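Asker:
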Amino acid sequence: MTPATTHRPAPVTRTAAAGSWGAFSALVRKDLVLYGGNRRALVMGLGAPILVAAFFGYLFDNKRAAPSRIPVVVTDADGSALSKGLVAALRAEAALSITELPEAEATQAVLQGRQRAAIVLPAGLGNAAPGALFGAHARPEITLRYDPSQAMVLPIVKGLLAQHLMAQVGQATFGGGHPGGGSASAGSPAGGSGDGLAGLRADLQHNPHLPAQRRQDLQALLDSVARLQQVPGATAAAAVGSASSTAAASSASSAATSVDVAAAAEMAASARTSAGLNLPFTTRDIAASGRSGADYNSFAHAFAGMGVQFILFLGIEFGVGLLLMRRQGLWQRLRAAPVSRSLLLGSRIVSAAIIAFGLLMAIFAVAIAVFGVRIQGSVAGFIAIALAFAVLTASFGLLIAALGKTPEASRGLAIFATLLMVMLGGAWVPSFLFPDWLQTVSLAVPTRWAVDGLDAMTWRGLGFEAAVAPTGVMLAFAAVFTALAVWRFDWQES
Numbered sequence: 052m053t054p055a056t057t058h059r060p061a062p063v064t065r066t067a068a069a070g071s072w073g074a075f076s077a078l079v080r081k082d083l084v085l086y087g088g089n090r091r092a093l094v095m096g097l098g099a100p101i102l103v104a105a106f107f108g109y110l111f112d113n114k115r116a117a118p119s120r121i122p123v124v125v126t127d128a129d130g131s132a133l134s135k136g137l138v139a140a141l142r143a144e145a146a147l148s149i150t151e152l153p154e155a156e157a158t159q160a161v162l163q164g165r166q167r168a169a170i171v172l173p174a175g176l177g178n179a180a181p182g183a184l185f186g187a188h189a190r191p192e193i194t195l196r197y198d199p200s201q202a203m204v205l206p207i208v209k210g211l212l213a214q215h216l217m218a219q220v221g222q223a224t225f226g227g228g229h230p231g232g233g234s235a236s237a238g239s240p241a242g243g244s245g246d247g248l249a250g251l252r253a254d255l256q257h258n259p260h261l262p263a264q265r266r267q268d269l270q271a272l273l274d275s276v277a278r279l280q281q282v283p284g285a286t287a288a289a290a291v292g293s294a295s296s297t298a299a300a301s302s303a304s305s306a307a308t309s310v311d312v313a314a315a316a317e318m319a320a321s322a323r324t325s326a327g328l329n330l331p332f333t334t335r336d337i338a339a340s341g342r343s344g345a346d347y348n349s350f351a352h353a354f355a356g357m358g359v360q361f362i363l364f365l366g367i368e369f370g371v372g373l374l375l376m377r378r379q380g381l382w383q384r385l386r387a388a389p390v391s392r393s394l395l396l397g398s399r400i401v402s403a404a405i406i407a408f409g410l411l412m413a414i415f416a417v418a419i420a421v422f423g424v425r426i427q428g429s430v431a432g433f434i435a436i437a438l439a440f441a442v443l444t445a446s447f448g449l450l451i452a453a454l455g456k457t458p459e460a461s462r463g464l465a466i467f468a469t470l471l472m473v474m475l476g477g478a479w480v481p482s483f484l485f486p487d488w489l490q491t492v493s494l495a496v497p498t499r500w501a502v503d504g505l506d507a508m509t510w511r512g513l514g515f516e517a518a519v520a521p522t523g524v525m526l527a528f529a530a531v532f533t534a535l536a537v538w539r540f541d542w543q544e545s
């Protein structure tokens with residue numbers, strides 16, 4: 052038997068190694084030249100991340116961009132001097148953008164997402180709040196309706212409301228005004244507030260639920276206020292401080308040359324345990340929803356935003372697929388058949404729209420079955436918005452095919468355009484975080500209407516009338532996209 056022989060690879064010579072390296076470097080150089088020659092791909096690879104990073108950097112740059120003012124609507128059902136002063140103080144607040152509306156219109160504005168919160172000042176607030184500070188009256192209840200998708204706004208609004216209302220109550224009580232909300236200064240004569248303090252004394256005296264010791268302490272506080280108001284230049288803060296502690300009184304008296312009503316109100320609030328003072332109001336927080344008892348589900352907005360984004364990616368694949376078919380000559384062969392350009396392109400729009408609609412329904416079916424999302428508004432409106440968005444997606448893909456020259460360049464441009472539309476539509480970052488001008492500009496983007504429309508039909512619980520505008524806007528965009536695509540579509544790759 053012939054012994055087995057072992058085959059060893061031939062030694063690599065310097066000539067062979069040099070030849071391999073030359074081939075390797077030539078292949079690398081070829082790829083670099085091809086990429087550099089594709090200017091659209093180069094611009095997208097370099098420009099897209101720069102623009103997206105600049106967008107988010109500008110959006111969250113607190114040093115350069117002024118913070119957006121929170122849109123809040125106020126209903127003044129009281130009409131007293133105190134409530135009017137409170138509304139004026141809130142209007143002057145830099146963090147808020149105040150609009151006054153009747154209660155029904157204010158509720159609807161929050162429900163539709165046009166306002167972040169609604170403050171309803173009840174009738175009798177001006178008369179009850181100063182007395183409630185001492186327990187002489189029941190505390191009036193202020194209703195706060197807020198957008199549950201932006202619950203972080205609620206503590207800001209409540210904090211500013213408490214700050215300015217305490218200042219108004221302190222001015223009315225300790226600053227020489229009437230309990231109903233007078234605006235006299237703290238240095239006014241006693242006669243300017245005698246009726247108000249006398250009314251508070253009477254309320255305290257006839258309050259059967261007030262312990263005797265607490266009534267005595269509060270009466271002493273009012274006596275201190277009355278005496279101090281007769282001294283020129285005395286401060287309201289000194290009056291409150293003298294009732295709570297001697298140190299606070301001497302500190303306030305040393306600053307008797309200026310009147311700080313806000314400080315007086317703050318001291319009054321901090322003296323709750325020593326002088327028996329109360330926060331002069333309560334709030335009832337109501338999450339705005341079109342259906343009573345329906346809770347906000349954050350998954351509803353998340354599925355709306357991500358559904359819009361990834362179905363638009365389907366539109367990109369649809370457009371790139373058309374370009375690949377054109378490169379392979381399939382459109383030329385189809386065009387030889389006795390059918391028009393509109394019929395061929397229309398068939399592609401219908402098929403893509405059916406697929407997009409089916410995917411969106413499947414996405415929300417999972418959201419409903421697994422994550423508890425509910426269509427709390429109009430089911431017909433939800434279907435109308437979904438159909439309009441499906442047609443928009445198909446027409447967007449057709450527009451990509453009409454404007455794109457090659458599949459490679461068109462894919463990058465389309466992805467960039469889709470990301471911009473999704474960002475401006477509020478699918479990634481809530482639109483209320485945008486600067487004011489950008490919130491207005493985003494209304495010109497169809498994805499904003501798609502996301503807002505789906506939100507309106509799901510967690511907002513709005514009726515069919517709220518679906519009319521989003522459906523109409525998306526169909527209008529789809530019509531424009533389709534007209535441009537039919538006009539610009541080339542049957543051969545240039």
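Throughout, the working numbering is defined as the position within the sequence shown, counted from one, plus 51. The beta carbon of each residue, even a glycine, is placed where N, CA and C say it ideally should be. Note that the coordinates shown come from a computational prediction; the quantities given were computed from them, not determined experimentally.
#1: Just curious, the alpha helix (DSSP H) that P122 is in, first and last residue?
#2: What are the residues that DSSP puts in a beta bridge with I193?
#3: Evaluate the contact criterion for the stretch 97 to 116 versus the stretch 127 to 143: three or more CB pairs, one atom per stretch, below 8 Å.
#4: To the nearest whole angstrom, what separates the beta carbons of H188 and A179, a pair I think is in contact under 8 Å?
#5: Report the partner residues of S446 according to the DSSP bridge assignment.
#6: Which word fits Q383, buried or exposed, when buried means at least 16 other C-beta atoms lie within 10 angstroms of its C-beta?
#7: So R190 and S340 are in contact, right, with Cβ under 8 Å, and what is the actual spacing, rounded?
#8: What residue range is occupied by the uninterrupted alpha helix (DSSP H) comprising P150?
#9: Quick one: what's got a C-beta closer than 6 Å to A536's C-beta in the same chain, skipping five residues either side?
#10: Are the stretch 363 to 382 and the stretch 463 to 470 touching by the rule of at least three beta carbon pairs closer than 8 Å?
#11: Go ahead and label L396 buried or exposed: buried means 16 or more other beta carbons lie within 10 angstroms of its beta carbon, across all protein chains shown.
#12: Does S446 pass the burial test, meaning 16 or more other C-beta atoms within 10 Å, or should it be called exposed?
#13: Return the first residue and the last residue of the alpha helix (DSSP H) that V371 is part of.
#14: For Y109, count the other beta carbons within 10 Å of its own beta carbon; 16 or more makes it buried, fewer makes it exposed. Which is it?
#15: State the CB to CB distance for the pair D336 and Y197, rounded to an integer number of angstroms; the pair is presumed to be in contact (CB under 8 Å).
#16: Among the residues of its own chain, which have a CB less than 6 Å from the CB of V421, if the five just before and after it don't count?
#17: Using a Cβ-Cβ cutoff of less than 7 Å, which residues in the same chain neighbour V502 once the five nearest sequence positions on both sides are dropped?
#18: Taking DSSP's pairing of strands, which residues face V171 in a bridge?
#19: Mark L85 as exposed unless 16 or more other C-beta atoms lie within 10 angstroms of its C-beta, in which case mark it buried.
#20: What residues in its chain sit with their C-beta under 6 Å from that of S302, if we drop five residues either side in the sequence?
#21: Okay, do the stretch 494 to 508 and the stretch 520 to 539 touch, 3+ Cβ pairs below 8 Å being the bar?
#22: In chain order, what residues of the same chain have a beta carbon less than 6 Å from the beta carbon of I406, not counting five sequence neighbours either side?
#23: Check for me: the alpha helix (DSSP H) holding D346 runs from which residue to which?
#24: Determine contact between the stretch 504 to 521 and the stretch 425 to 445, defined as no fewer than three beta-carbon pairs at a distance below 8 Å.
#25: Run through DSSP, which three-state label would G156 get?
#26: Beta-carbon separation of E151 and V125 under 8 Å?
#27: Please classify Q201: does DSSP put it in a helix, a strand, or coil?
#28: Which of the three DSSP states is assigned to R425 in this structure?
#29: For T469, which residues from the same chain have a beta carbon less than 6 Å from its beta carbon, with the 5 sequence-adjacent residues on both sides left out?
#30: Determine, using beta carbons only, whether A416 comes closer than 8 Å to chain D.
Answerer: Let's see:
#1: The count along the sequence shown starts at 1 and reaches residue 122 at position 71. That residue, P122, is in no alpha helix (DSSP H); its beta strand (DSSP E) goes 121 to 127.
#2: As a working mapping, residue 193 is identified with position 142 in the sequence shown. DSSP, once it has assigned bridges, lists T334 as partnering I193.
#3: no
#4: Counted from its first residue, the sequence shown places residue 188 at position 137. Counted from its first residue, the sequence shown places residue 179 at position 128. Indeed they touch by this definition, with Cβ atoms about 5 Å apart.
#5: Mapped onto the sequence shown, residue 446 falls at position 395. The partner list for S446 (beta bridge, DSSP) is empty, contrary to what the question assumes.
#6: The sequence position of residue 383 within the sequence shown is 332, counting from 1. With fewer than 16 Cβ atoms within 10 Å of its Cβ, Q383 is classed as exposed.
#7: As a working note, residue 190 is residue 139 in the sequence shown. As a working note, residue 340 is residue 289 in the sequence shown. No, R190 and S340 are not in contact; Cβ-Cβ is about 27 Å, not under 8 Å.
#8: Along the sequence shown, one-based indexing puts residue 150 at 99. Here residue 150 is Thr; the residue named in the question, Pro, does not match the sequence. Segment 147 to 151 is the beta strand (DSSP E) holding T150; no alpha helix (DSSP H) there.
#9: Residue mapping note: residue 536 aligns to position 485 of the sequence shown, counting from 1. Contacts found: L449, L450, A453.
#10: yes
#11: Looking up residue 396 in the sequence shown gives position 345. Per the 10 Å Cβ criterion, buried.
#12: Here residue 446 refers to the residue found at position 395 of the sequence shown. Burial state of S446 is buried, judged by a 10 Å Cβ sphere holding 16 or more other Cβ atoms.
#13: The sequence position of residue 371 within the sequence shown is 320, counting from 1. Note, V371: alpha helix (DSSP H), 349 to 378.
#14: Start at 1 with the first residue of the sequence shown, and residue 109 comes out as number 58. When all chains shown are included, Y109 counts as exposed.
#15: Along the sequence shown, read from residue 1 onward, the residue named residue 336 stands at position 285. Along the sequence shown, read from residue 1 onward, the residue named residue 197 stands at position 146. Confirmed, Cβ separation roughly 7 Å.
#16: For the purposes of this step, residue 421 is identified with residue 370 of the sequence shown, where counting begins at 1. Once the five neighbours on either side are set aside, V421 has no close Cβ partner at all.
#17: On the sequence shown, position 451 is the one that residue 502 refers to. Here the set comprises A355, G356, V359, G476, G477, A478.
#18: For the purposes of this step, residue 171 is taken as residue 120 along the sequence shown, with counting starting at 1. DSSP lists T126, T194 as partners of V171.
#19: Within the sequence shown, numbered from 1, the residue matching residue 85 stands at position 34. Exposed is the call here.
#20: In the sequence shown, the residue the question calls residue 302 occupies position 251. The pLDDT assigned to S302 is 35, lower than 50, so where the model puts this residue is not dependable; a value taken from the coordinates is nonetheless given after this. Excluding residues up to 5 positions away in sequence, nothing lies with its Cβ nearer than 6 Å to the Cβ of S302 in the same chain.
#21: yes
#22: The residue given as residue 406 occupies position 355 in the sequence shown. Excluding residues within five positions, none has a Cβ falling inside 6 Å.
#23: Counting from one through the sequence shown, the residue named residue 346 turns up at place 295. Run containing D346: none; DSSP gives neither H nor E here.
#24: yes
#25: Position 105 of the sequence shown holds residue 156. Checking the displayed sequence, the identity of residue 156 turns out to be Glu instead of Gly. E156: helix per DSSP, three-state reduction.
#26: Counting from 1 along the sequence shown, the entry for residue 151 is found at position 100. Counting from 1 along the sequence shown, the entry for residue 125 is found at position 74. Closer than 8 Å, so yes.
#27: Locating residue 201 in the sequence shown gives position 150, counting from the first residue. Helix at Q201.
#28: Position 374 of the sequence shown, counted from the first residue, corresponds to residue 425. R425 falls in the coil class under three-state DSSP.
#29: As a working mapping, residue 469 is identified with position 418 in the sequence shown. For T469, where only same-chain residues beyond five positions count, the Cβ hits under 6 Å are L363.
#30: As a matter of chain content, chain D is missing from the structure shown, which is built from one protein chain.
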